[in-house]
Structure formats: structure tokens, C-alpha cells
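Following: one structure in C-alpha cells, then a few remarks.
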Amino acid sequence: MSDETDTELFEVMYNCRAMRRLKPDPVPEALLTRLIEAGNQAPSGSNRQGARWIVVQDSEQKSKLAALNKKAVDAYVGPQSGRPSELPHQSTEKRQRMLQAVLWQAEHLAEIPALIIACHQFDTPVSAGEAARAAGSVWPGIQNLLLAARALGLGAAPTTLGLVDRDAAKEVLQLPPDMEAFCLIPVGYPMGNFGPVTRQPVAETLRWDRWT
Ligand SMILES: Cc1cc2nc3c(=O)[nH]c(=O)nc-3n(C[C@H](O)[C@H](O)[C@H](O)COP(=O)(O)O)c2cc1C
Numbered sequence: 004m005s006d007e008t009d010t011e012l013f014e015v016m017y018n019c020r021a022m023r024r025l026k027p028d029p030v031p032e033a034l035l036t037r038l039i040e041a042g043n044q045a046p047s048g049s050n051r052q053g054a055r056w057i058v059v060q061d062s063e064q065k066s067k068l069a070a071l072n073k074k075a076v077d078a079y080v081g082p083q084s085g086r087p088s089e090l091p092h093q094s095t096e097k098r099q100r101m102l103q104a105v106l107w108q109a110e111h112l113a114e115i116p117a118l119i120i121a122c123h124q125f126d127t128p129v130s131a132g133e134a135a136r137a138a139g140s141v142w143p144g145i146q147n148l149l150l151a152a153r154a155l156g157l158g159a160a161p162t163t164l165g166l167v168d169r170d171a172a173k174e175v176l177q178l179p180p181d182m183e184a185f186c187l188i189p190v191g192y193p194m195g196n197f198g199p200v201t202r203q204p205v206a207e208t209l210r211w212d213r214w215t
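The opening residue of the sequence shown carries number 4 in this note's numbering; numbering runs sequentially from there.
Printed below as a string of C-alpha cells:
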């Protein structure tokens, strides 16, 4: 890999923010397929390659998923949710801005051109606990997809609230009993600008050899 390619990869990685405000303009299916191809390159436990992708463009299907997401977002913003109003690394003002974007997305989800659902297919039906353990074989693909979207100038964000009602989501997506949905990724052309992510410095998150 050349130095130039390395630079581009890091550039994309450091500028891959959750983009929630997206235009309704359609995204060509060839681009959506490229995202899935990028997701497909990710590793999986025992190389099982159980990740499966559903690209939802149908208005009726998007509306049903938007309704599930809205219900979960309403609970998330409600007084009982336990959601912190600030974090050590995120001020109240920044969290408010994020919340506004989450609310915008909840209102407009059905207008976003594509909702990509990252799933996993098992050999047999599994319990919620067993399904959760497969997350590590789905999320690397999701991150690949997000990076590919950023590289192609598409906005995207990983979301899980719309899938909280597991049975309802499975019914909408007509998943067979051996399949589980893990993440809903709205994809479209961004309304705003791409920009750098803000993360804690490694001084906070890195220790060498042992933690204490
Ligand atoms: C496991 C997981 C679940 C998430 N669920 C949601 C969600 O349901 N709705 C949403 O708007 N964003 C969701 N996000 C996006 C996060 O809020 C976002 O990655 C985080 O705020 C950092 O944002 P930034 O990359 O723009 O800095 C989720 C992210 C992850 C990794």
C-alpha cells in the first residue's frame, strides 16, 4: 500500500462522523451495492461470514421502520430514559446538538433514500443472548460500510434504536427465524458538511502492558 493510500484511509477514518441530516435525493443502486461490498470484506468469527444486508428503498417499508425508530427515540428523549445530559468528554451544548440531529432523523427517516439493515444469519433460530454474541461478526462490516460511504461522499450513521423492538423489526423485514437485525444505517447525500470526529485523546484511553 502506498503512503498516499494510507493517508486517504486515515483521512476518511478521522472524518467519518455520524451524518443524520440527509437529502431525499436518490442514491444510485451501484453506489449502494459498493457499500455492501465494502461491508462484505470485513472479518467474522471463524470466518462464518454470516453478515447479511437488506437495503430498504420501498416507501412503505421505510415508513414502518421510521415508526419503530420514532417510538424508540421518543422513549430515549423522555424523562425516564436515564440518558445523560452531558458526559465528561461531551458538553451539554454538544449533546443537545446531537439530540437535535437524532430528532431530525426520527422525523425524516422515511424520506431518506436508503435504510441499510445489517443482519446476521445463523444455522438455527437463536435466543436474544446468543444473537448478541454475533455482534462482533457484524459490526466490523458496519464500520467498513460507514468508511466506504464517507469515501464516496455519502452520509450515513449507525443506529440501533429502530431495532429495539426485535420482534416488530423482524416482522417488518420478514426475517426468517434464523436471522437477526443489528443496525439500521440511513444513507443519503448529506445536507451539511463532513467534518472531523471529536474523540477522547489516547492519553485517556491507552495504557501500555497493564491498566493500573
Ligand atoms: C452501537 C451504536 C448504536 C448507535 N445507535 C444510534 C441510534 O440509535 N441513533 C442515532 O442517531 N445514533 C446512534 N449511534 C451513533 C452514535 O450516537 C454516534 O456514533 C456517536 O454519537 C458519535 O458520533 P460522531 O461519530 O458523529 O462523533 C449509535 C452508534 C453505535 C456505535
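The C-beta atom is built at its ideal place from N, Cα and C for all residues, glycine as well. Please read all numbers here as calculations on a predicted model, not as lab measurements.
Are the CB atoms of N72 and G165 within a distance shorter than 9 Å?
yes
Do P161 and L149 have their beta-carbon atoms positioned less than 9 Å apart in this structure?
yes
Let me make sure I understand the geometry here. Which of L155, G42, A21 has the alpha-carbon closest to that of S140?
G42
Give the DSSP-derived three-state secondary structure of T208 in the structure shown.
helix
Could you spell out the range, first to last residue, of the alpha helix (DSSP H) harbouring I145?
142 to 154
Paired residues, beta bridge with L102 - DSSP:
Answer by DSSP bridge pairing: none, since L102 is not bridged.
Looking at the unbroken alpha helix (DSSP H) that takes in R55, where does it start and where does it end?
First-last for R55: 54 to 59, but that is the beta strand (DSSP E), not the alpha helix (DSSP H).
Got a sec, what are the start and stop residues for the alpha helix (DSSP H) L187 sits in?
Where L187 is concerned, there is no enclosing alpha helix (DSSP H), although the beta strand (DSSP E) it sits in stretches over 182 to 191.
Could you name the residues of the same chain whose beta carbon sits closer than 7 Å to that of V15, not counting the 5 residues immediately before and after it, in chain order?
L150, R153, A154
Measuring alpha carbon to alpha carbon, tell me which residue in A159, A171, V167, A104 is nearest I39.
A159
Per DSSP, the bridge partner or partners of H123
A54, E183
Which value, in whole angstroms, describes the spacing of the CA atoms of Q124 and P27?
30 Å
Measure the alpha-carbon distance for P204 versus P91 and round it to whole angstroms.
12 Å
Report the option in Q93, E114, A121 whose CA atom is closest to the CA atom of Q146.
A121
With DSSP as the reference, label G198 as helix, strand or coil.
coil
If I measure Cβ to Cβ from G48 and keep anything under 8 Å in the same chain, skipping five residues before and after, which residues do I get?
A137, G139, S140
Residue span of the alpha helix (DSSP H) that contains V76, given as start and end
62 to 80
Measuring from the CB of C19, is there a heavy atom of ligand 1 at a distance below 8 Å?
yes
When you compare the CB positions of L234 and K65, do they come within less than 9 Å of one another, or not?
Only positions 4 to 215 of the chain appear in this structure, which leaves residue 234 out of reach.
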